[in-house]
Amino acid sequence: MRHDTPRGANSAPSQRPLTDSRAPAEGDGVDTSPTVSDRIAKTTCYMCACRCGIDVHIKDGKVRYINGNKDHPVNRGVICGKGSSGIMQHYSPARLRKPLLRTGPRGSGEFREIEWEEAFSIATERLSAIRRTDPKKLAFFTGRDQSQSLTGWWASKFGTPNFAAHGGFCSVNMAAGGLHTIGGSFWEFGEPDWDNTKYFMLFGVAEDHDSNPIKIGLGKLKARGAKVVSINPCRTGYNAIADDWIGIRPGTDGLFVLALIHELLKAGRVDLDYLLRYTNAPVLVVQEPGAADDGLFMRDADGNPLAWDRVAKQSVKAADPVAKLALIGSYMVSDRRCVPVFQLMAERYLDETHSPDAVAERCGVDAETIRRIAAELAHVAFEQTIELPVAWTDWAGRRHETIKGRPVSMHAMRGISAHSNGFHTCRAIHLLQVLLGTVDVPGGFRFKPPYPRQAPPGPKPAGKNVQPMTPLDGVPLGFVCGPDDLLVDDAGRPTRIDKAYSWDAPLAAHGLMHTVIRNAWAGDPYPIDTLLMYMSNMAWNSSMNTVETIAMLTDKDDAGDYKIPFIIYSDAYYSETVPFADLVLPDTTYLERHDCISLLDRPISHADGPGDAIRHPVVEPDRDVRPFQSVLIELGARLGLPCFVNEDGSAKYRDYADYIVNHERTPGIGPLAGWRGKDGASVGKGDVNPDQLQRYIDNGGFWHHDFSADQRYYKMGNRSYLDFAVEMGFVPNAEPIVFQLYSEPMQRFRLAARGHGKVQPPKAERGRIEAYMDPLPFWYAPFEEATVDLEKYPLHALTQRPMHMYHSWGSQNAWLRQITSQNRLFVHHGTAAKLGLVDDDWVWIESINGRVKGQIKLIDGVNADTVWTWNAIGKRRGSWGLKDDAAESNRGFLLNHIIGDQTSANADGRRYSNSDPVTGQAAWFDLRVRIVKCAVEEAGFTEPQFERFHQPPHMEPSPDMLRFGADFRMKREAAE
Amino acid sequence: MTCLPAHTDKKLGLVIDLDTCVGCQACVTACKEWNTGGHMAPLTDIDPYGGHVDGVWFNRVHAYEHTTEAGGRTVNFPRSCLHCETPACVTVCPTGASYKRASDGIVLIDEDKCIGCKLCSWACPYGAREFDTDVGVMKKCTLCVDRIYNDNLAQEDRVPACVAACPTSARHFGDLGDPASAISLLVEERGGVALMPELGYKPTNRYLPPRARSDRAAKIDAPALQPIKADGGFLGWIDRMLSN
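Residue numbers (the working numbering), protein chains in the order written: chain E, 2 to 977; chain W, 4 to 247.
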């Protein structure tokens, strides 16, 4: 098929086939037209969370080749290092082959194979007893789960509030920070306007989310000559190609951003019109210390926030499109003193404590650089504005002849997220974008549908009233607007096992998977019976404080019973966590299963329109494994869970594919938005279409809807877009979305800490709530830094996953592990010289939590106070199909061993999870270390070492030689 | 010893943009994946799950740090066969196994003629040859000769696997012997360079250098921000702005 317009991202004239691609008559006997495949199946990648479209070439029943789908809106034909290595993930020797039941001690790896029927019986009996007595004793936590809309629904129907996926230890600060501020966030919720932006700022490690769209975008920026500024302690990957690399000290990004804001405010370089139209900057805030509503919004009788009309000199609805609203000043409304939000912001950020000079040393960035960046931001935003010749109508019915844009955009992900101050730092970045007027404008940061939503969006977390045999009255994960929404008991104790939505982590949003093992082991807040986990390596690289975590998994009570009584785990591979399970449910690979990448879940939309996608089996499993989602659906049916059985008690869904097509969350809305309705003519809402999966397959595995030109920007206040969003069920009504620069929900928590309201924190928690639930973004030192002796632990220690392994369990992958099989500790040359260290030295890396041994590599491209390493390269012997002499378990190391899962004890002796105090996000990057050269006899191998796992029965030893592809050639040549 | 063609009709090759390469390894594994089932299949991996893993790869990416006048820099550098015009790897070959095609200039190995003497890998200063110890044969980048002319692929897919995969669009393909080709124009525009031209092997592939830090960035001639001093500073300014 020949396309007149070249498709895909790599379609520049210098990337196209030869004009005449007929083979020349070379006469050397080379077969230039070998058959590539018998068929091409188009599905969705799962090598990471990016979820690109892939073309899988099948030859002789085997996977011959995987390339990017040129039509797919996520990757437009490109594919990353992981996606191209999918073959080795699929044919991995670490794959499980049959359900397993533990026979030896937990953690030994001694199992016997069982049939699925026995596995289902065991699980059903156990879970059925829990559901009859106390459903919260089932803790169901999923890791790299791309089916949370199903798994959360299942937990809800089971009746346990104890459900979450891995967001709590990944990037919940980014999600919560954004959703509470602009009703959207980075990555799945938005993206820079790659085609129009002229100035792009990238904060922290961002190679995680998302993989290919950011790379495609960077390629566009480079081709157009747009400026790329990276703020990152490490000069790797994306930072290597930045025009400006600012090697900031870890955890100080918030300080840096607030200094930029200081400079912009001081110079009057903020977009006042934008602030008035789209934010709560003019909203009046009650100023009456001691009052129960101090710091809340002044509202009218109907609950509408008020603002001050400068002309009429009276209060009006803040949403009044005509009134001339004040942004500063102090006003009396109904005898109450109040000031606009913006007045509070200006007072705070104009303070000299936020000046570049005041923060430069702490950030490790000189004041001149901060001033220069602020000037550049202002210049591009206000002097290089762009205007698209497209007319549009705003929410108030005002027609605009063009779409105006300020071409500055930003992106941040895990580097900001994984600090205990990440929530506020994320809010600060959004605040900066909003002050510049760059959110959802041409050249700025753009929302991806179904975002934006009200900030914060609904619904609230369910789980207040847990009863036997009773579903929850909603889904376990949601957004809180104040203390009344918390999941705490009358004494203020958490009612979830992970303490999400408690005073420890009020705005949790994604749960705190990283706390579950400790809490379940300690029986704090209560003991559980069964821990059901999916696809998360909690006995190794997904946990902090690994050594103790392993001990908790195997710890027994006085009666000799495991403190965590029963563990069910589903995974496709023999990871470090499988040996700790009592029952193992072997999963398929991504090429053998159905999945849906749903708008109800973690969408893959583009800023230019919503989309979703499926996976479908492109090869048959050669072993007795089943897709976890289908197993969960069958388990639900066996347990008789509402919505999983018909009235006669029979299973409602045959398997996951059946659920994807026939499940309706609300009438007309199901997991997939495309080709709904009996004839497949509806999008968004519509009847079930029995042919829906086939329609997806026929379309290359995905559905995408393109917005009309007038719907693509200003979605927070764009009439045409908002009407569409209501039609699609993205938002409940077409009211404009107001950016919450000042967070009233957070102030409600502060008021509770001051003794107001019916739900108040225990006395001991009040200081913490008062400090961290600040309604405006602020910066504070990361907790570990604030408590450890900085002279003793002078260095920051960070990790990042290599781009070729992010979110991909790559060490079992014969190709990916060849690129990285031993992680080094990267140390700045100057720092090493001071410590008397030379390249390749072996060192102890010591924190307050312990020590781990690894080999160093000296570099220049790193903040001198920072050391870092590739994460999750170190593996435990006996796992992942690796041989005993593999570099991963002998010389590679896991930094997790020395990252505490708890903070140091406070004055009351209380230790909190090592997490952000607002959201519970795991604070991986707060770590402080020192490095010490190890003794000569200690060099050459990593420590700590762990006992080798036994191998599951009938697991083939990994091959000594891989000749993948030889068969294709042999058959090809034989056929000639 | 093996003779080189006096002339090649085309000079097919790659152009790699070092200003844009982020070192993601996409081209590395896309190449491995295509070629392990392709013309020189397999790209054998020895001890693939053990401590002495060693595989055949036609394309590898290295990261280097170096210091420029404007400060330090990290460069990600993809390395594969440069399909030289006068490659020593061909002329040293005692059997004619290593050869350069007269039609398109691609340097290939005829496995049937290769005796595994490794003279070519000693001769190549770019480290572009990969010996497969399992079969005792030298292997190397074929410029995806089984893709670029492949009638079984859609026309639009007839480019090397690495070029199709590259997520940052840092790789280009075409006839560098045709000064009017898109790829030649790109080299011209961006000042593309050959690697170690002083050795005299005349590499066909070109690398687009990272632009010097100072002029690499889009020029943002931003005047320094001036604090509002008069009439109540920032708050006074707001008042004036909103009153207009």
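Think of the CB as a built atom: it goes at the ideal place given N, C-alpha and C, for glycine as much as any other residue.
Beta carbon of residue i nearer than 9 Å to that of residue j
i	j	result
residue 86/W	residue 206/W	yes
residue 169/E	residue 537/E	no
residue 423/E	residue 178/E	yes
residue 237/E	residue 26/W	yes
residue 280/E	residue 741/E	yes
residue 532/E	residue 112/E	no
residue 510/E	residue 738/E	no
residue 353/E	residue 347/E	no
residue 829/E	residue 250/E	no
Own chain partners of residue i with C-beta closer than 7 Å, once the 5 adjacent residues on each side are dropped
i	result
residue 150/E	599, 601, 602, 672
residue 75/E	51, 52, 53, 54, 213, 214, 605
residue 349/E	777
residue 725/E	712
residue 217/W	Any reading at residue 217/W needs caution, since the residue's pLDDT is 46, under 50, leaving its predicted position unreliable; the model's value is listed next. Closer than 7 Å at Cβ, skipping near neighbours: 73.
Residue i versus residue j - alpha carbon distance
i	j	result
residue 975/E	residue 91/E	26 Å
residue 139/W	residue 133/W	11 Å
residue 146/E	residue 377/E	41 Å
residue 805/E	residue 396/E	44 Å
residue 477/E	residue 110/E	33 Å
residue 241/W	residue 328/E	8 Å
residue 490/E	residue 496/E	6 Å
residue 905/E	residue 769/E	15 Å
residue 16/E	residue 65/E	24 Å
residue 648/E	residue 641/E	10 Å
residue 864/E	residue 613/E	40 Å
residue 149/W	residue 32/E	7 Å
residue 995/E	residue 838/E	This structure leaves residue 995/E out entirely; chain E is present only between 2 and 977.
residue 370/E	residue 816/E	42 Å
residue 383/E	residue 407/E	7 Å
residue 867/E	residue 186/E	28 Å
residue 203/E	residue 240/E	8 Å
Own chain residues within Cβ distance below 6 Å of residue i, not counting five before or after
i	result
residue 87/E	48, 67
residue 983/E	One cannot answer for residue 983/E here, as it falls past the ends of chain E, which runs 2 to 977.
residue 12/W	106
residue 164/W	33, 34, 37, 147
residue 46/W	35, 38, 39, 59
residue 203/W	none
Under 7 Å by beta carbon: chain W residues contacting residue i
i	result
residue 959/E	52
residue 234/E	The contacting residues do not exist; residue 234/E stays about 13 Å from chain W at best.
Within chain E, the residues that residue i reaches when beta carbons sit closer than 7 Å
i	result
residue 83/W	What residue 83/W touches in chain E: nothing, since even the nearest Cβ is about 15 Å away.
residue 238/W	329, 347
residue 244/W	273
Same chain, Cβ closer than 8 Å to residue i, neighbours up to 5 away in sequence not counted
i	result
residue 900/E	545, 546, 848, 850, 915, 925, 928
residue 688/E	669, 677, 678, 679
residue 400/E	392, 393, 394
Neighbour list for residue i in chain W, Cβ cutoff strictly below 8 Å
i	result
residue 27/E	104, 105, 106, 107
residue 32/E	42, 149
Listed by chain order, chain E residues near residue i by CB distance under 8 Å
i	result
residue 75/W	236, 861, 862
residue 226/W	376, 380
Under 9 Å by beta carbon: chain E residues contacting residue i
i	result
residue 210/W	Per Cβ cutoff of 9 Å: no residues; residue 210/W is ~14 Å from chain E at best.
Task: Three-pair Cβ contact test at 8 Å for the region 409-429 of chain E versus the region 773-792 of chain E - done: Under the three-pair Cβ rule at 8 Å, the region 409-429 of chain E counts as touching the region 773-792 of chain E.
Open item on the list: Using a Cβ distance threshold of 8 Å, determine whether the region 11-23 of chain E contacts the region 677-686 of chain E, with at least three qualifying pairs required.
Closed with: no
Open item on the list: With a threshold of 8 Å, are at least 3 pairs of Cβ atoms found where one atom belongs to the region 742-751 of chain E and the other to the region 316-330 of chain E?
Closed with: no
Open item on the list: Assess contact between the region 60-74 of chain W and the region 178-197 of chain W, defined as three or more Cβ pairs (one per stretch) separated by less than 8 Å. Is contact present?
Closed with: The region 60-74 of chain W, when compared against the region 178-197 of chain W, does not touch it at the 8 Å Cβ threshold.
Open item on the list: If contact is defined by three or more beta carbon pairs under 8 Å, each pair taking one atom from either stretch, is the region 949-967 of chain E in contact with the region 572-581 of chain E?
Closed with: yes
- [ ] Flag this pair as touching only if the region 152-167 of chain E and the region 461-481 of chain E have three or more C-beta atom pairs under 8 Å; answer yes or no.
- [x] yes
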